[in-house]
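Report on one structure; see the data block that follows.
Protein chains in written order, with my numbering: chain S, 31 to 258; chain U, 31 to 258; chain E, 31 to 258; chain G, 31 to 258; chain F, 31 to 258; chain P, 31 to 258.
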């Protein structure tokens, strides 16, 4: 129950994160059994934003970014900073100065369950951010929170070191110990989907390809030729 | 009250749809007496998206895209797939595989009162989609729904074959039997608006051009030179 | 309590507005003590939109744009039209014809606590708009409102002539009598931030640069090396 | 596409409406195949509110209640007034004076996809209302709409004369020609549910009573005794 | 732009406030030209809550109730405390201890653009509160704000000393200098409405009583006997 | 990543849960360091609802209550059923039949991150429920989920057996291993608050009682006697 800053964390495998990032959020989400997807209000600030890496987690008081500053020096190259608050907020808790500081440490991007500002600068820097809002609203630095504790962010549990993947479809978290398994499942899915894509492109009906005609029949489908 | 799949529908005139698409959503909406506009939460996934064509309608259980698969083979070139759910949902019920399948049949685009995923791929394919959300959340294929029945989508009634037009301003539906009449009204409106645009560009006051000074006077307008 | 149209207003200094616009919304908001920021639902219709100028304010009945027409002829070059309603609305109260009319008078842009339409045209004209929604929904011209009275717009008080600044981070209002003071404070902030940016880029910790280690200690921070 | 007032409508059978009202919204909604339920934001203004009767429908401009006044004289004893707008609104379009007028004609209640006011008075009168909001915001009487045309209200199509049933669980519409069939289905459902209720009260597991153990097994359920 | 605490304010006339409270929010809102109504998300915590009195205003950092404590000693018997934040918040910034403190000074009630907690206790105390949310979320006491400055609360400007009236229909503010005038207008309205109520109760059509038949005709109303 | 049903769980101490329930949600939330509070959209269906007990957790597909049926037989007297979905939903996944079944096993109440129906019946049964919505919308029984796994519900992590407390202020979760410690902290808080309540009732200023005058001074408070 006490706030704390945890210095050392176990990180998801870097190569695994990279692969998950290449496969994308929708595939990873499916590959781990349709779990781990953050709420769809988490949107990238520009359309080409993509990120994948282990999470450094930050729990802030809403409207107070003190703990983001405390988190910066615990970040390593390739990390994804994950920020959430103890209450709902859209304040602009993060801007180009913090991005400059994170970039100097090689941090890959930010996922923040609040607002972000200096969006034109962040875009020019190609510093990818997924946020709940864009807002210039400034914040104070007054209240203690935690760094590198398990947090709930946009509806999902994210533990320090878990793999966080973001693209135009949203953000998904993979528990760090599941990365290898999810990579395999995602690769298998991609192979299967590529074959399916070819068949669909050639005009085969999905009903046939997926064997859904039998299912429709079981469910009692009624076909009608035309309604008056 | 029974779910059903209707194979054959009467479609809005193709040429009429094309003309409505060229004139755009705002003009069409005005031309049919300010009716038929879907709720403004329906947004295109990329800014150049435009579509116009007869609707093939799909009613799904929320979180279940079985009936989209059932609808694909009933689509013809130029159709617009319209998907809605029996309850509110933001799940990503549609992605690049379904788009590939629809594209192979010449379908023009999608209007979905739920979420969509694989947005980067859909954009690369230039497959236009209007949706309520972008979400990677996957769906099951378990529950019966209907195809080509009248549906309520984002606040408007859409019947199979009605003309559906989408652009950056939103989505509007025109009853298939009204297409010719609405085309005419929209064309007249465009002619009138072009003249008005010229006059306004030349600096004429809208108050004069629209004859609104009399109206303001009737309503008892009070002009004040300056407030302290 | 009576509706009225005020012909002459005192405008914020043009040069001051220009400087505020160059410094941007986030900086201006901070420079005036974190006040004046409109709610973050006010978003630009295209990403390069920027505006800064004195407000001409319009109070409309929701769904009725009569008073926007009345306001046009009171605008001067460089003005920013600010439109709000007596009740919540997302209707498309403003489109390309009104923009054409405003452009012919040199108006710099629009901030509207409602919807906007003809967005593709407005973008092509590079006419910047911040709105609550994009919607083709048309409006009537039936009910009296006011022009150039103090209004509440997206949570902030805006008086006629106040400086309104908009960019990708949102919209901020500066009372017209505070413009000079805020310009100075913002310039000082920019100088300071540029120095800070350099230090952060060089790898200095924000905790050190801002002197936050002492604050964390005062608040009773607990550092833990590693959690099991 | 033209606005109009329809004087005479075919009404759902009064006795059928009464029976549907006694069985309640959840039962009726299930009995007609889980269709017809209005969005859950439609809430009664007091907890004991219940209504069932044929709809007199009104389509208004948002913020304008002119057409409600036009609808009053077309109402008959037992009718339910259904009001919706051409755009989203929470304005208080209806209050105690209109309720007094409707009551004098024996109208049973109101379903309004907007706001309502004088709620304390309406409660004292026991005049049941389901609305989207409670708001004192007054409205004008300036713009034409329609009476007794098919409308979309809170996501559902309601035609004049359709049976509308409201209680603490929400509002459901039954097409007037389906009332007899739905009454029968609902009665059968009630009989079945009463038996099920007894069995569940006696401690029988729902998994057994509904035969769901086989389904779980088919879906590949995994039972685990205890997690560490 | 500086935060400050203003000790002495001019208060709306006590007798005027009392009369406005008796006439109710909807009547007062209409009587001052349909202005001053707070957004409808401001709801009373219990249905019999009613309040009317001059405002003591508080501007807080979201999630921080320090300034409410600072405001208490500036309150006089009959005052209504009005609390708003510099950013959106639903935190429970106010509970039974603060209510106890306010009650000891004779404060009449609270209007808070945030959350409230200890709602069962506040109800038992009959301490009326209008809030945006009910939430147990606790707050800190860390950041400076202002007391008795003009604030924007739920979309309306409230100045210290303005009359604030709340009931089941919402909350309305009347500028302190307008109280006498609004009382008169509201009284006239009540007299007129009582007469209208009698006529409507007796069955007279609102269309006749308000003279709306002519208006409908002017607008081009179309009556249809029956639709097929 | 696999769905599963866990038969045996470690439950929070019954006596501890009872005590937490008596002290209430706001006090418990504060006593454990302002953590564990579910989002404020979780509201009780009637005002006297109160519950406290160990959680049996259920993770469902949105719109599918199969796993609630699977969970029933794993419940023990005093348990609180906690239901959440893999995607946002307001469907009425729970009604009076499930409540009857749970009641027959002595279950104390329900917390559901979705909709509930048969609310009049549940109220008559005095079966307390906290939900996101009231909706008659029925659900299917088609898709596998999990029982007694850790879930994220309305923004908070709830593990099987954790203590869940609900009252009019919302819902809070206490990790089962922290119950004893939180009970002590809450009891100490209550003692302290009772003393504070007495002092405030007697008229002592909170600024003095909490020692906040020094803090205001440190923050640079500015007192002004009167503004013009």
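The beta carbon of each residue, even a glycine, is placed where N, CA and C say it ideally should be.
Remember, it's a predicted structure, so these values are computed and weren't measured experimentally.
- Please go through the stretch 61-127 of chain P and give each complete beta strand (DSSP E) segment of 3 or more residues, from N-terminal end onward. 81-90, 110-115
- Item | Residues near residue 298 of chain E in its chain [Cβ-Cβ closer than 8 Å; skip 5 each side] | Beyond the ends of chain E as shown, which are 31 and 258, falls residue 298 of chain E; an answer cannot be given.
- Query: If you measure beta-carbon to beta-carbon, which residues of the stretch 43-69 of chain S are closer than 9 Å to chain F?
  - Reply: none
- Interface residues of chain G facing residue 215 of chain F [CB-CB closer than 7 Å]: Working through the fifth chain from its first residue, we reach residue 215 of chain F at position 185. In chain order: nothing, as chain G lies at least about 13 Å away.
- Item | Local conformation of residue 178 of chain P per DSSP, three classes | Indexing the sixth chain from 1 puts residue 178 of chain P at position 148. Note: residue 178 of chain P maps to coil in three-state DSSP.
- Task: From the DSSP output, in three-state form, read off residue 186 of chain P for me.
- Result: Against the sixth chain, residue 186 of chain P aligns to sequence position 156. It is a strand residue.
- Spell out the partners DSSP gives residue 146 of chain E in its beta bridges. Taking the first residue of the third chain as 1, we reach residue 146 of chain E at position 116. DSSP, once it has assigned bridges, lists E:164 as partnering residue 146 of chain E.
- Query: What did DSSP end up calling residue 251 of chain U once you bin it into helix, strand or coil?
  - Reply: As a working mapping, residue 251 of chain U is identified with position 221 in the second chain. Residue 251 of chain U falls in the coil class under three-state DSSP.
- Item | Near-chain F residues of the stretch 88-107 of chain P (beta-carbon distance less than 7 Å), N- to C-terminal order | none
- In its own chain, which residues sit with a C-beta less than 7 Å from the C-beta of residue 100 of chain S, not counting the 5 before and 5 after it? Residue 100 of chain S sits at position 70 when you count from the first residue of the first chain. These residues qualify, in order along the chain: 35, 177.
- Cβ neighbours of residue 198 of chain S in the same chain (closer than 7 Å, five flanking residues each side left out): Position 168 of the first chain, counted from the first residue, corresponds to residue 198 of chain S. 74, 77.
- Message: Given this structure, state the Cα-to-Cα distance separating residue 98 of chain S from residue 134 of chain S, to the nearest angstrom.
- Response: Taking the first chain and counting its residues from 1, one reaches residue 98 of chain S at position 68. Taking the first chain and counting its residues from 1, one reaches residue 134 of chain S at position 104. Roughly 15 Å between the two C-alpha positions.
- Message: If the criterion is Cβ atoms closer than 8 Å, does the pair residue 201 of chain G and residue 68 of chain G meet it?
- Response: As a first step, residue 201 of chain G is located in the fourth chain; it is residue number 171 there, counting from the start. As a first step, residue 68 of chain G is located in the fourth chain; it is residue number 38 there, counting from the start. Yes, Cβ-Cβ distance for residue 201 of chain G and residue 68 of chain G is below 8 Å.
- How about residue 242 of chain G: is its C-beta nearer than 8 Å to some C-beta of chain U? As a working mapping, residue 242 of chain G is identified with position 212 in the fourth chain. No - not a single Cβ of chain U is within 8 Å of the one on residue 242 of chain G.
- the stretch 58-67 of chain F contacting the stretch 103-115 of chain E, beta-carbon criterion three pairs below 8 Å: no
- What is the residue span of the alpha helix (DSSP H) that residue 191 of chain S lies within? Locating residue 191 of chain S in the first chain gives position 161, counting from the first residue. Careful: residue 191 of chain S lies outside any alpha helix (DSSP H) and carries neither H nor E.
- Contact list for the stretch 114-138 of chain P against chain U, Cβ threshold 8 Å: 116, 117, 118, 119, 120, 121
- Task: For residue 201 of chain S, name the three-state secondary structure that DSSP assigns.
- Result: The count along the first chain starts at 1 and reaches residue 201 of chain S at position 171. Correct three-state label for residue 201 of chain S: strand.
- Item | Residues, ordered as in the chain, of the stretch 167-197 of chain S that lie near chain P by beta-carbon distance below 8 Å | 180, 182, 185, 186, 187
- Query: chain E partners of residue 199 of chain U, CB-CB under 8 Å?
  - Reply: As a first step, residue 199 of chain U is located in the second chain; it is residue number 169 there, counting from the start. Per Cβ cutoff of 8 Å: 122, 147, 148, 149, 150, 164, 165, 166.
- Item | Length of the line joining the Cα atoms of residue 209 of chain P and residue 185 of chain P | As a working note, residue 209 of chain P is residue 179 in the sixth chain. As a working note, residue 185 of chain P is residue 155 in the sixth chain. If you take the alpha carbons of residue 209 of chain P and residue 185 of chain P, they lie about 20 Å apart.
- Message: Within a Cβ cutoff of 6 Å, which residues of the same chain sit near residue 158 of chain F, ignoring the five residues on either side of it in sequence?
- Response: Mapped onto the fifth chain, residue 158 of chain F falls at position 128. The residues are 79, 81, 139.
- Taking DSSP as the reference, what is the three-state secondary structure of residue 37 of chain G? Translated into positions along the fourth chain, residue 37 of chain G becomes position 7. Strand at residue 37 of chain G.
- How many whole angstroms separate the CB atoms of residue 91 of chain F and residue 175 of chain F, which I take to be in contact at a CB cut-off of 8 Å? Numbered from 1 along the fifth chain, position 61 holds the residue referred to as residue 91 of chain F. Numbered from 1 along the fifth chain, position 145 holds the residue referred to as residue 175 of chain F. Yes, they are in contact, since the Cβ atoms of residue 91 of chain F and residue 175 of chain F sit about 6 Å apart, within 8 Å.
- Query: Does DSSP put residue 139 of chain E in a helix, a strand or coil?
  - Reply: Position 109 of the third chain holds residue 139 of chain E. Strand.
- Using 10 angstroms around the beta-carbon of residue 102 of chain F, count the other beta-carbons present and answer buried if the total reaches 16, otherwise exposed. Walking along the fifth chain from the start, residue 102 of chain F turns up at place 72. It is buried - the Cβ of residue 102 of chain F has at least 16 other Cβ atoms within 10 Å.
- Query: Taking Cβ positions only, does residue 247 of chain G come closer than 8 Å to chain U?
  - Reply: Locating residue 247 of chain G in the fourth chain gives position 217, where the first residue counts as 1. By this cut-off, residue 247 of chain G is not an interface position.
- Query: With contact counted as at least three CB pairs below 8 Å, one residue from each stretch, are the stretch 238-247 of chain E and the stretch 231-241 of chain F in contact?
  - Reply: no
- Task: Classify residue 95 of chain S as buried or exposed, calling it buried when 16 or more other Cβ atoms lie within 10 Å of its own Cβ.
- Result: One-based indexing of the first chain puts residue 95 of chain S at position 65. With 16 or more Cβ atoms within 10 Å of its Cβ, residue 95 of chain S is classed as buried.
- Task: Measuring alpha carbon to alpha carbon, tell me which of F:243, F:156, F:168, F:163 ends up nearest residue 64 of chain P.
- Result: For the purposes of this step, residue 64 of chain P is identified with residue 34 of the sixth chain, where counting begins at 1. Nearest C-alpha to residue 64 of chain P: F:168.
- Message: For residue 51 of chain G and residue 195 of chain G, which I take to be in contact (beta-carbon distance under 8 Å), what is that distance rounded to the nearest angstrom?
- Response: One-based indexing of the fourth chain puts residue 51 of chain G at position 21. One-based indexing of the fourth chain puts residue 195 of chain G at position 165. That pair is a contact at about 5 Å.
- Does residue 32 of chain E get closer than 8 Å to chain A when you measure Cβ to Cβ? Judged by its chain identifiers, the structure shown contains no chain A, and its protein chains are S, U, E, G, F and P.
- Message: Which residue wins for smallest C-alpha separation from residue 115 of chain P, given the options P:155, P:88, P:128?
- Response: As a working mapping, residue 115 of chain P is identified with position 85 in the sixth chain. Of the listed residues, the one whose Cα sits closest to residue 115 of chain P is P:88.
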